Every structure is written in structure tokens, then in C-alpha cells.
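Peer 1: Those sequence lines, one after another, are chains A and B.
Residues in the first sequence are numbered from 10 upward in steps of one, following the numbering used here.
Residues in the second sequence are numbered from 1236 upward in steps of one, following the numbering used here.
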Amino acid sequence: MRKFLHLSQGGRSALPVLLFLLCGFLAPLVAVVWFSFMPARTFSLAAAPSLDNYVTIFQSTSYVSFLWSLALASVTVLVLAVLCYPVAYGLVRVFGKWATLLTLLFTIPLFVSENIRIYGWVLFLIKNGVLLGSLKSMFGVELESILFTRTAILLGMVYVYLPFMLFPLTLGISMVPNETRDAARDLGATRWQVFREIELPLSMPGFTIGFLLTFVLAVGAITEAKVMGGQRIIPVAQDIEIAFTYAQNWPLGAALSVLLMLVVGGLVLAALWRFDLDRFLGRK
Amino acid sequence: MVNGSKISRRNFMQQSAIMAAAFSAGGTLAPRRAWAARETELNILCWEGYNSAQVLDPFRSSTGATVKAESLTNDPTMINRLRAGETNIWDLINVNNPWARKVMHPEGLIKPLDRARFEPYFETMMPDFKPPYQWAMDDSGTELLGMAQRFGPYSFVVNTDKISRATAEDQGWNLWNDPANAGKYGILESDDWNVFGICCIAGFDPFKMHDDAEVAKFTEAAKRVFGGAKLVGDIATMNQAIISGEIDFHLTGGTYSASPARADGHPEIRGITPNSGPMAGGKGGIAWIEITSQVNNPQLSPLAEQFLEYVQSPEMAHTVAFAEGTFNPVSQMGNPECFKLFTPEELDTIQWDSLGEEMARSVEYDIVPDYDKLLDIMTAAKRDA
Chain A
10 MRKFLHLSQG GRSALPVLLF LLCGFLAPLV AVVWFSFMPA RTFSLAAAPS LDNYVTIFQS
70 TSYVSFLWSL ALASVTVLVL AVLCYPVAYG LVRVFGKWAT LLTLLFTIPL FVSENIRIYG
130 WVLFLIKNGV LLGSLKSMFG VELESILFTR TAILLGMVYV YLPFMLFPLT LGISMVPNET
190 RDAARDLGAT RWQVFREIEL PLSMPGFTIG FLLTFVLAVG AITEAKVMGG QRIIPVAQDI
250 EIAFTYAQNW PLGAALSVLL MLVVGGLVLA ALWRFDLDRF LGRK
Chain B
1236 MVNGSKISRR NFMQQSAIMA AAFSAGGTLA PRRAWAARET ELNILCWEGY NSAQVLDPFR
1296 SSTGATVKAE SLTNDPTMIN RLRAGETNIW DLINVNNPWA RKVMHPEGLI KPLDRARFEP
1356 YFETMMPDFK PPYQWAMDDS GTELLGMAQR FGPYSFVVNT DKISRATAED QGWNLWNDPA
1416 NAGKYGILES DDWNVFGICC IAGFDPFKMH DDAEVAKFTE AAKRVFGGAK LVGDIATMNQ
1476 AIISGEIDFH LTGGTYSASP ARADGHPEIR GITPNSGPMA GGKGGIAWIE ITSQVNNPQL
1536 SPLAEQFLEY VQSPEMAHTV AFAEGTFNPV SQMGNPECFK LFTPEELDTI QWDSLGEEMA
1596 RSVEYDIVPD YDKLLDIMTA AKRDA
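1. Could you have a look at B:T1487 and say whether DSSP puts it in helix, strand or coil?
2. Any C-beta of chain A sitting closer than 9 Å to the C-beta of B:Q1289?
3. Find the residues of chain B that neighbour A:I135, judging by a C-beta separation of less than 8 Å, and give them in chain order.
4. Consult DSSP for B:I1602 and reduce its assignment to one of helix, strand or coil.
5. Looking at C-beta atoms only, is the number of pairs between the region 1567 to 1576 of chain B and the region 1487 to 1497 of chain B that lie closer than 8 Å three or more?
6. Could you tell me whether the Cβ atoms of B:E1378 and B:P1355 are closer together than 9 Å?
7. By DSSP, does B:E1305 sit in helix, in strand, or in coil?
8. Have a look at B:I1585 and B:R1505 and give me their C-alpha separation to the nearest angstrom.
9. Under 9 Å between the Cβ atoms of B:Y1389 and B:G1284?
10. Using the C-alpha atoms, what's the distance from B:A1515 back to B:D1607?
11. Starting from A:S45, find everything on chain B with Cβ-Cβ shorter than 9 Å and list it in chain order.
12. For B:L1277, would you say it is in contact with chain A, using Cβ-to-Cβ distances shorter than 9 Å as the test?
13. If you measure from the CB of B:E1592, is any heavy atom of the ligand SAH nearer than 8 Å?
14. Closer than 8 Å is the cut-off here; do at least three beta carbon pairs connect the region 1435 to 1445 of chain B with the region 1408 to 1422 of chain B?
15. Using 8 Å for Cβ pairs, my map puts B:A1620 next to B:G1488. What's the rounded Cβ distance?
16. What residue range is occupied by the uninterrupted beta strand (DSSP E) comprising B:A1558?
17. Applying a beta-carbon distance threshold of less than 8 Å, which residues of chain A neighbour B:A1615?
18. Within a Cβ cutoff of 7 Å, which residues of the same chain sit near B:S1425, ignoring the five residues on either side of it in sequence?
19. Compare the C-beta of A:S22 against all C-beta atoms of chain B and say whether one is closer than 9 Å.
20. May I ask you to list, following chain order, the residues of the region 1308 to 1330 of chain B that have a beta carbon less than 8 Å from some beta carbon of chain A?
21. Can you name the start and end residues of the alpha helix (DSSP H) that B:Y1285 belongs to?
22. Given a threshold of 16 other Cβ atoms within 10 Å of its Cβ, counted over all protein chains shown, does B:H1485 qualify as buried or as exposed?
23. Let me confirm a value: A:F120 is counted as buried when at least 16 other C-beta atoms fall within 10 Å, else exposed. Which label applies?
24. If A:I117 sits next to A:T232, beta carbons under 8 Å apart, how far is it from one beta carbon to the other, in whole angstroms?
25. So with Cβ pairs under 9 Å, would you call B:G1343 a contact of chain A?
26. Pick helix, strand or coil for A:M213, following the three-state DSSP scheme.
27. May I have the straight-line CA-CA distance separating A:P25 from A:L38, to the nearest angstrom?
28. Taking the runs of the beta strand (DSSP E) that are 3 residues or longer, which of them lie wholly in the region 1416 to 1459 of chain B?
29. Starting from the beta carbon of A:V73, find every residue of chain B whose beta carbon is closer than 8 Å, and list them in chain order.
30. List, in order along the chain, the chain B residues whose C-beta lies closer than 7 Å to that of A:T254?
31. If you reduce the DSSP assignment to three classes, tell me which class A:P260 lands in.
32. Would a check of beta-carbon distances place A:Q257 closer than 9 Å to chain B?
33. By a C-beta neighbour count over all protein chains shown, 10 Å radius and 16 as the cutoff for buried, is A:P260 buried or exposed?
34. With A:F157 and B:L1466 assumed to form a contact (beta carbons below 8 Å), what rounded beta-carbon distance in angstroms separates them?
35. Can you tell me which of B:H1340, B:N1332 and B:S1548 puts its alpha carbon nearest to the alpha carbon of B:L1317?
36. Relative to chain B, which residues along the region 260 to 278 of chain A have a C-beta separation below 8 Å, given in chain order?
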């Protein structure tokens, strides 16, 4: 109470927002965690808690879904890093006045629903669709579609999450002062040394933000596997969806959600532990 | 601007006190206000179609009411919404036949309709729906639990350019037991219906308790069926895949799922009901019938029953049959005034030519007693495929 009275005026003014966040953000999370300890296929939070749902998960093949989600997200991040770095570098250093137009072109798809864009890819890739249909009618070439394969899922994820890697990378590269690069070159550094010892470390905040943002979004991805992959892979997010819907097993869905949060949260915290964003962003 | 206003510390405190009093009185005032508001408000939880503008806008215009409808794509999720406490939100719920009588009414999630008011509508429906229609009634046969409207056979779909209708009907569920068909078919992501389909492929009736031998057969069939599937997807994906030639047939499906493709000029895409199968009476097909019920909402909108009457009219029943999304027969087609509104093209879209015989070869969708166990097995098979 004494502490409350000694809160600054700003602190007291912030209390309603804090309470709102506690109720609107933390309370649902607590409810999900508590649900995960309830007996399977119940809809009440009042039963005696147990670890049964977690035991069920560890005794099942749910780990397959976890592994697929983590693997797909990791590969997506790596592919995007390789794809986006030269583009981001070009936007900052090479394209000049065209950079704004190109940035706009990368941004515009974000205004269209992800589902619609993914279905667009289906129409493009499907047998007798835009790509294969055109090849067949124009050149008489009949090829197999990559649709409904794991490659198609990866293609969809790389396409959807590209802006989430590209823009932080652009920010990171723009943080590297030209003078530092020039000084390194003047001191005899090769192009590779400038990249490895100057540009890469100094643009690391952008890399880190891009990695984290893309990984967290990609690990919870579901549409690409469902629509482009024809469910060749069942990602963990879909396992959770099935538990909450067709299986009517909220406690199991909640337990899967808690495990996903723990795994992703653990990986993100480990990354943040290693890369101090405050230091990168010059706040220390 | 704050300095220029009339707000002072004193009147701010007065206004705050008034606000606080209003909030504290909310507990007693709110229900009355809410009840008054519900007279011009209606919330519907439904399968797609009832949430379309063609269905809702005329009702909104004629009543001046605010009508909200949310569409979901499987029955268990809709029931869950009520179980989770949303009975105080929804006024009507539209799900498939067994749920009203076997689940929602016993659990107190819905309340009966005024039988005298609604039973006469059944008299004008198709002969199979004559009152007291079993799925609209409670177990005792006294309470009317909902109104029947859309229905249809739902087993599987083939491209008749690849597999003839006669072959598909004769082979029935054994299409999935032929190793030569691996990679030629898709699976619709309706997991509850896939449980029924895989039971039939394994050779036993889905709608009963299953012994260990049957569960073992189900496990083997689920692994094989998912292992051989080219894709698993929603209705749009499945129709695209079957039209483009990616697949030749898909599990599960019927008039409902094939109708968008048929309406789009692909009559070769056809819902198939097997000539025979492992279900009661040697039947091989499964059919669904939607029942719309009143939610047991403590502040039920008085518009709920009014809306149910509204969709019984010939014009609106026809609109419901051809509302956006999928196209389906409606029970009101038994009324000549309603039937004459359907064009020959629309009748072809809903496979009217074979509807009677397909329904005769089908059992009606029911609750699977050991659904949880079979779904878990099927989900694992799908994950491991």
C-alpha cells in the first residue's frame, strides 16, 4: 500500500492500462495453461488438475508435428535470409530512387489476405493451371505439378513471410555507417572482410529481428501446409486446431498450445539472451 | 482545449461519481436494457448459406433488426461454442440432424419450439419429413426441437469422365481398397465425416460401438487411405483438384461438396451413393439433414421463431437452397410452390435426377459412440502418412 502511494503520478495513471493488459492478455494465457491440466474432453476449469494431457502428448506421435513445424520454420528463415540479404542490400545501397517503388511492390501483397494469395499460388501451380496449362498448350510439354508436396509448402511459407524478413534486414543494413565501410576499405580490407567484419555484425539487429519475427510466425503457420501442401504435413498448429474442433478436446489443445509456447518462447529467449537488442540499437 | 473547457477538479469528481454509480447499478440495470435490445437483435450460429446477404437482408429490412450470423464448417465446433457458455449470445443454431435430439437437448443447450406453430410447416415438406419427423423431435416424441431444411446424400465424389457413375456406385467404398487407386484420390478435411468413410472402407457400420477387431481394421484402413491420398483439403481445393485432373475422386463428399463445381459447368463431377455397404439394411450411403433450433438463451430474441418461419416460405427456401457457397436440396421442395422456383440447371446442380434413389440408399448421419477413439487413431494416421 505504501509502495502504491509512493507511485509517481505517471505510474498511477498507467495502472488502468496495466489492469487492462492483465485482464486482456495475461488472463487468457493463464486460462489456457490451467485448461491444459484439466481432464481430457471436458469444458470446465473446475476439475482436479493433472498432467494427463501432457502424458498423452508424449505417448503419441505429436512430436512429429512439432518437429515438422520447427524444421519448416527453420528452413524458411534460412532461405529467406539468403534471399532477402541481397535484396535488402540493394534497397539500401544500390537501387537509389527505385528503392521506394520496389519497397512498395514488396508491401502491397500485405494488403491482400494471406488465404487469397495462397489460393492464387494454387491456381498458378495446379495441373492444367496457369503455369502447367500454359506450358502444355503453348509447347506441348506436360509436367507434374509440385503442388501438394513439401516443396510447395516451403514455397508458400517463403512467399508469405518474405516481407517480415526483408524489412528488418533493410533496417539493419541501413544502420551500417558508410564511413565505417569506407574506413575498412581504406585500411585494406577485402570485399569479403568488409562484409564479414563490418556489415554483418553491424546489421545484426536487423538480422535478429527478422529471424525472430519470421521464425515465430512460421512456426505457427497452418495455411500453407493445408492449402499448398494438401496436408502432406500436419504442422503443430493444425494439431491444435483439430484438438479444439473435431476432437472437442480443449484440454489437449491447450496442452499442445502450452508446449508450443514453451518451445518457441525458449528459443526466442535463447536468441535474445545471445543477442542484446538494447546494445545493438544503441540504447546502452 | 482542456483549459478552455468547463472541467474543474470539482465537477470532474462529480461526473466520476455519477459514472461510478451508473457502473455499480449496471448489475441490476444491464439485464433489463439487454432484454429490451434483444427485441431488435438476432444472432445465428450456422452452416454457410444462412449467413448470406440474400437470406439475411430481406429479414433485416422487414424487421429493422440487427441480424448477425456466424458460419462454421463443422458441427462439433458449433456445439462447443454453446457448451463454452455462448448460449447467452446465440438465438438460433443450425447443425446436422443427430445433435439436437441426442446432444444439445439432453445438455440443455436448446429449447423446444412451439409445436402448434411450426408442425404445420412439416406437412408441406417432402414426404420423408412428414410430422413428427424423427430428427426434429426429442426422444419422447413430444417436443419439437427444430426445423428441417437443407439435406443431401454425402458419401464420395468422382469425376465421371475418369470413373463411370455405374462403376463408382457398384464398387462403392472398395474404391479405396484397390491399391491401383493410390495417388488418384483426395480427402476432404471434414474429419468427422472421414471417420464414417473409413469405417465403411474397413467394412463395418460407423454408427455403433466397435470391438477391438474393428478398431484394428479401422487403424489399418486409416493408415492406408491417408497414405495413398494425393492431398487433403477443403471443398474449394478438392473441386479445383478434381476438375484440373490432379485427382479422379475424393472422400468424403456429395451433392453439397460437388455442387459448386457442377454449377460452374462441370456436370462430370458427381456425388456418388454406393449401391450397397456395411450399414443397416445393407445400405452404403450416408445422408445429412440440417435442423435449426432455438438456443436456450436466457434472453432469447423474440425474432428467433420469426426467422424460422421466414425461411419456410417458398421463395426464401429456394434462396437458402442456392445461397452462396454450396447448393443443396431443401425439404420445402415438397411444396409445388417452392419446387417451381428451381430452374432445370439448378435441379441438375443438386443432382435432382438421382436424389430420391440416393437418399433411399443412405442411412441418416448419426453420432458415432466411440468417435473420440476413432478420431484420435485417424488423426495419428493423417499425421504419420
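By construction, the Cβ of each residue, glycine as well, lies at the ideal position given by its N, Cα and C atoms.
Predicted model only: the values in this text are computed from it and were never measured.
Peer 2: To lay it out plainly:
1. strand
2. no
3. Q1475, A1476, S1479 and E1481
4. coil
5. no
6. no
7. strand
8. 10 Å
9. no
10. 22 Å
11. Ordered by position in chain B, no residue passes the 9 Å Cβ test against A:S45, which lies about 16 Å from the chain.
12. no
13. Ligands in the displayed structure: none, and consequently the ligand SAH is not present.
14. yes
15. Actually they are not in contact, since the Cβ atoms of B:A1620 and B:G1488 sit about 19 Å apart, beyond 8 Å.
16. Note, B:A1558: premise wrong, no beta strand (DSSP E); not H, not E.
17. S69 and T70
18. N1309 and T1487
19. no
20. N1309, P1311, T1312, I1314, N1315, R1318 and A1319
21. Run containing B:Y1285: none; DSSP gives neither H nor E here.
22. buried
23. exposed
24. That pair is no contact at about 19 Å.
25. no
26. helix
27. 19 Å
28. 1420 to 1423
29. R1618 and D1619
30. N1309, P1311 and T1312
31. helix
32. yes
33. buried
34. 4 Å
35. B:H1340
36. none
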